[in-house]
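FYI, our numbering numbers position 137 of the sequence shown as 126, with every residue one higher than the one before it.
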Amino acid sequence: MLLLRSVLFNIAFYTNLIVRMIVLSPIYFLLPRKKAFGIPKAWAASNNWLMAKIVGATFEIEGMENIPEGGCIFAPKHQSAWDTFALLPYQRDPVYILKRELMWIPLFGWYVAKQRMIPVNRGARGKVMVDVMKRTKQEMDNGRQLIIYPEGTRRPPGAEPAYRYGIARIYRDIQVPVVPIVAHWGLFWGRRKLIKHPGKFKVRILPAIQPGMDPDAFYAHLIETLETESDRLLVETVAANPHLPLPPTAAKRLAELKGQSTI
């Protein structure tokens, strides 16, 4: 049954994406940018609905009151394809810094270009990165929310931290609050995994880290905040979903936490 539900979800997910892009693209490209963004938001909400109805996986959000008014940086833990879009319906006007190759994908690249997402060559240095920061600041000055994954890529639940310093440079240069976010999406929709697992979990939005800290101190504080709350939420999520098969990284981390008796 689990395999059948997962296959049905995958079929529904890609059908939903293709049909919406074909049918709604003319409307999307004719609308003003902000109104057009309602179409990707509705798509994201429909995928959350499909996960709930077909797979039986749902989530609730804690800490919406921690999102500041105006420009800010969302700094979520990144575990799954799900977390790249699931929170879009709850965000006002998000902007991503993304690898430039994504802009070359027909139709998808046009969609993100209309939303003024910011492409970057990951190997770039010097003037290119200065231009990226300038462009990012312009978008943030218009009240947008930057989404950046501090670890840079998807990591399985419970994996040892592997953060990149880039977010500290952005924090120093952009001077807006940073909002840490933790959730264990990867226990339900694993990276490159066909099987999707039912259950219920929490997305926790933590208090914003205000601008003005020394970048090194901010970097250390962000890592400590994300990892401490991620550990706590891992214990809670597994306790609430004892049926879940745990990836080795999560099982190992739970054993370490049990030995420490700190959570």
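No residue lacks a Cβ here, since even glycine has one placed at the ideal position from N, Cα and C.
Quantities reported herein were computed from a predicted structural model and do not represent experimental measurements.
*To the nearest angstrom, how far is it from the Cα of residue 60 to the Cα of residue 131?*
Approximately 7 Å, taken between the alpha carbons.
*C-alpha distance - residue 288 paired with residue 21, whole-angstrom precision*: Absent from the structure is residue 288, since the part of the chain shown begins at -10 and ends at 252.
*Check the C-beta distance from residue 62 over to residue 208 and give it rounded, since I have them as a contact under 8 Å.*
In fact, because the Cβ distance is near 13 Å, the residues do not count as touching under 8 Å.
*Is the beta carbon of residue 40 less than 8 Å from the beta carbon of residue 194?*
No; because the gap between Cβ atoms is not below 8 Å, this pair is not in contact.
*Where does residue 197 fall in DSSP's three states?*
When secondary structure is reduced to three states using DSSP, residue 197 falls in the coil class, being assigned neither helix nor strand.
*Does DSSP put residue 165 in a helix, in a strand, or in coil?*
Residue state for residue 165 is assigned as coil, using DSSP reduced to three classes.
_For residue -4, the first and last residue of its enclosing alpha helix (DSSP H)_ = Its alpha helix (DSSP H) spans residues -9 to 19.
_Residues near residue 205 by beta carbon distance below 8 Å, same chain, minus five either side_ = Only 157 meet the Cβ criterion.
*Kindly indicate the opening and closing residues of the alpha helix (DSSP H) around residue 48.*
In the DSSP assignment, residue 48 falls outside any alpha helix (DSSP H) and lies within the beta strand (DSSP E) extending over 46 to 51.
*Cross-strand partners of residue 184 (DSSP beta bridge)*: Answer is none; residue 184 lacks a bridge partner.
*Within the same chain, show all residues whose beta-carbon is closer than 6 Å to that of residue 145, passing over the 5 residues directly before and after it, in chain order.*
Within the same chain, residue 145 has close Cβ partners 175, 236 and 238.
_Proximity below 8 Å, CB of residue 148 to CB of residue 168_ = No, Cβ-Cβ distance for residue 148 and residue 168 is not below 8 Å.
*Mind checking whether residue 65 and residue 170 have CB atoms under 8 Å apart?*
Result yes, Cβ atoms of residue 65 and residue 170 sit closer than 8 Å.
*Would you call the CB atoms of residue 143 and residue 89 closer than 8 Å?*
Result no, Cβ atoms of residue 143 and residue 89 do not sit closer than 8 Å.
*Length-filtered (4 minimum) alpha helix (DSSP H) runs lying within the segment 70 to 143*: Taken in chain order, the unbroken stretches of alpha helix (DSSP H) that lie wholly in the segment 70 to 143 and span 4 residues or more are 97 to 103 and 116 to 130.
*Roughly how many whole angstroms lie between the Cα atoms of residue 134 and residue 227?*
Cα to Cα, the separation comes out at about 31 Å.
*asked:* Between which two residues does the alpha helix (DSSP H) holding residue 206 run?
replied: Residue range 204 to 229 is occupied by the alpha helix (DSSP H) that includes residue 206.
*Of the choices 203, 216 and 7, whose alpha-carbon is the least far from that of residue 95?*
Comparing Cα positions, the closest option is 7.
*Quick one: what's residue 260 bridged to in DSSP?*
Nothing in the structure corresponds to residue 260, since the chain is present only between -10 and 252.
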